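Residue numbers (the working numbering): 25 to 606.
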């Protein structure tokens, strides 16, 4: 019992220290996953606490379960509209990009260090996946939002390239362990089988959960647990029949996240905590497992591979994979730099270890150092690079607090929202009855200095008030633009980014040129609408934040409708020093 209490005290203390350290480090822009990894190393056998942990089986089990929760959460947060601009580029990166990463990395290893092709290909496969959780964790801590085309590409790529990396790693490990000759046909068939079964299982799993959630009557607290348990079951069943369990849980999460379930808000709230807990526990365990002195033995190889992947392999893979999709150069450059490695390579490096391959610790040590270098070098520079490349866009207006009202039995999901009014909010210094709404909602009142002022008191909305409204979920954008736009937490002001004036997307350039100095345009361009002009320049893959500079005028896409047509364009007049082409 004393030993059990000691273990509980130790694990709870490590978790507490990790969270507190992450809160402090996020203000410095440090990747949170790096903090958890370092805390684990400091607690390890060569660290301050000297804890001996040599159980790769336990680490692999915990890591696999953690990845299921993390990938499932990523799938639920991938919205359908993101596939509009990023599905095929992301799929290209997740398939062709992973294959190129594995092959080019192996080529460099064979050429530089004269290792055998099978071993080099296995190292390349282990290191081929990227980690969106690390990337977007950094953006969130820096209060940064990047353009949808880039963000969606990175998010979908990371959610779908993990299965590809797992398949390649397991296939190469099996071939090496069995002594069979490498065959592209065998690997191709294995990849096709795993992807096909994983896709079917994920689709059916997500559909079955949605039907179950619609039929079951239970307390809302049970549904997040039901979702997590269902994801683990789908993963295990899919893997047992030869499919990609990780792809299955990603697609299952996507199906659930895009279903109109009244319980979805509760599921996402709890899932967010589970995903963070999974990441913390996974990196703590991996930090405990590593022996820093062992890393020295292969440090030259590990650092060389890290440099090779960051500066050569990833950029080449991105350029080739995105060649058919006409991505702007600055976005390709950013995506190349954001090939951030996270926990997946370290977890995959345990597979050869558990399979008993000769030199088993080589794979783990190399993966650990590459991940460490990636988190330090790339992780610390992501936010400044995104701003330098002008990929940042203003954060969307949204409530400060959301509470689902699924127990009232409405056909359309209802929620209670709280907005903190700032001096830049359009509603500031207005009475509620003065606001004009295009959607139905109910004013519940406001909280001022801790007191609830009810609608019957007809209060004026002042700065620092917390306004409470009830509305349907689908109307959140329209309501937020009035109550939350330009809040204090916005890192990039909307008017500074889009300009103070807005034009209709169907206006012709000739109409715009009649009152703005657009510079020289040919007669054909003058007949084009703003939508058609942007569509031509961006090859019909426009997103909010895309900009064109004509003369001394900067035009920025401000709003797109569901058909991907531009409805609003922001206009900003530039001085001579700011004027640039394109």
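Idealized CB from N, CA, C, for every residue including glycine.
All values derive from a computational prediction rather than experimental measurement.
Straight-line spacing of the CA atoms in residue 332 and residue 556 works out to 42 Å. Judged by their CB atoms, residue 63 and residue 403 are not nearer to each other than the 8 Å cut-off. Under the Cβ criterion (8 Å, minimum of three pairs), the segment 277-288 does not count as touching the segment 338-353. Contact fails between the segment 90-108 and the segment 312-330, because fewer than three Cβ pairs, one in each stretch, are under 8 Å apart. For residue 581, the enclosing beta strand (DSSP E) has its first and last residue at 577-584. In the three-state reduction of the DSSP assignment, residue 293 falls in the helix class. Comparing alpha carbon positions, the residue from 410, 408, 500 and 399 closest to residue 443 is 500. Between residue 492 and residue 447, the alpha-carbon positions lie close to 17 Å from each other. Comparing alpha-carbon positions, the option among 233, 89, 485 and 503 lying closest to residue 260 turns out to be 89. The beta carbon of residue 83 is closer than 7 Å to those of 309, 310, 313 and 374 in its chain, skipping five residues each way along the sequence. In the structure shown, residue 562 adopts coil according to DSSP, grouped into three states.
Around the beta carbon of residue 145, a 10 Å sphere encloses 16 or more other beta carbons of the protein chains shown; the residue is thus reported as buried. Counting C-beta pairs closer than 8 Å gives three or more between the segment 243-257 and the segment 290-305, which meets the contact rule. Within a 10 Å sphere around the beta-carbon of residue 563 sit fewer than 16 other beta-carbons, which makes this residue exposed.
Residue state for residue 357 is assigned as helix, using DSSP reduced to three classes. The Cβ-Cβ distance between residue 201 and residue 381 falls below 8 Å. Assignment of residue 571 by DSSP, reduced to helix, strand and coil, places it in the strand class. Here the alpha carbons of residue 187 and residue 257 stand approximately 17 Å from one another.
When secondary structure is reduced to three states using DSSP, residue 471 falls in the strand class. Residue 169 carries a coil assignment under DSSP once its states are collapsed to helix, strand and coil. Sixteen is the threshold: when 16 or more other Cβ atoms of the shown chains lie within 10 Å of the Cβ of residue 154, as they do, the residue is buried.
Taking the C-beta atoms as reference points, residue 275 is found nearer than 8 Å to residue 230. When DSSP states are grouped into helix, strand and coil, residue 223 belongs to the helix group. Looking at 423, 530 and 377, the one whose alpha-carbon comes closest to that of residue 194 is 377. Residue 40 and residue 304 have their C-alpha atoms roughly 10 Å apart. Residue 59 sits away from residue 37, with the two beta carbons spaced by 8 Å or more.
Note on geometry: alpha-carbon atoms of residue 542 and residue 502 lie some 31 Å from one another. Per DSSP, the beta-bridge partners of residue 454 are 485. Between residue 465 and residue 483, the beta carbon gap of about 17 Å keeps them out of contact (Cβ cut-off 8 Å). Residue burial is scored here from C-beta neighbours: residue 208 has fewer than 16 other C-beta atoms within 10 angstroms and is therefore classed as exposed. The shortest C-alpha to C-alpha distance from residue 549 to any of 383, 531 and 266 is the one to 531. Residue 502 carries a helical assignment under DSSP once its states are collapsed to helix, strand and coil.
The Cβ atoms of residue 558 and residue 417 do not sit closer than 8 Å to each other. The closest CA to that of residue 591, considering only 529, 553, 578 and 536, is found on 529.
Contact between residue 588 and residue 566 holds: CB atoms are separated by about 7 Å, below the 8 Å threshold.
The beta carbon of residue 214 is closer than 7 Å to those of 191 and 195 in its chain, skipping five residues each way along the sequence.
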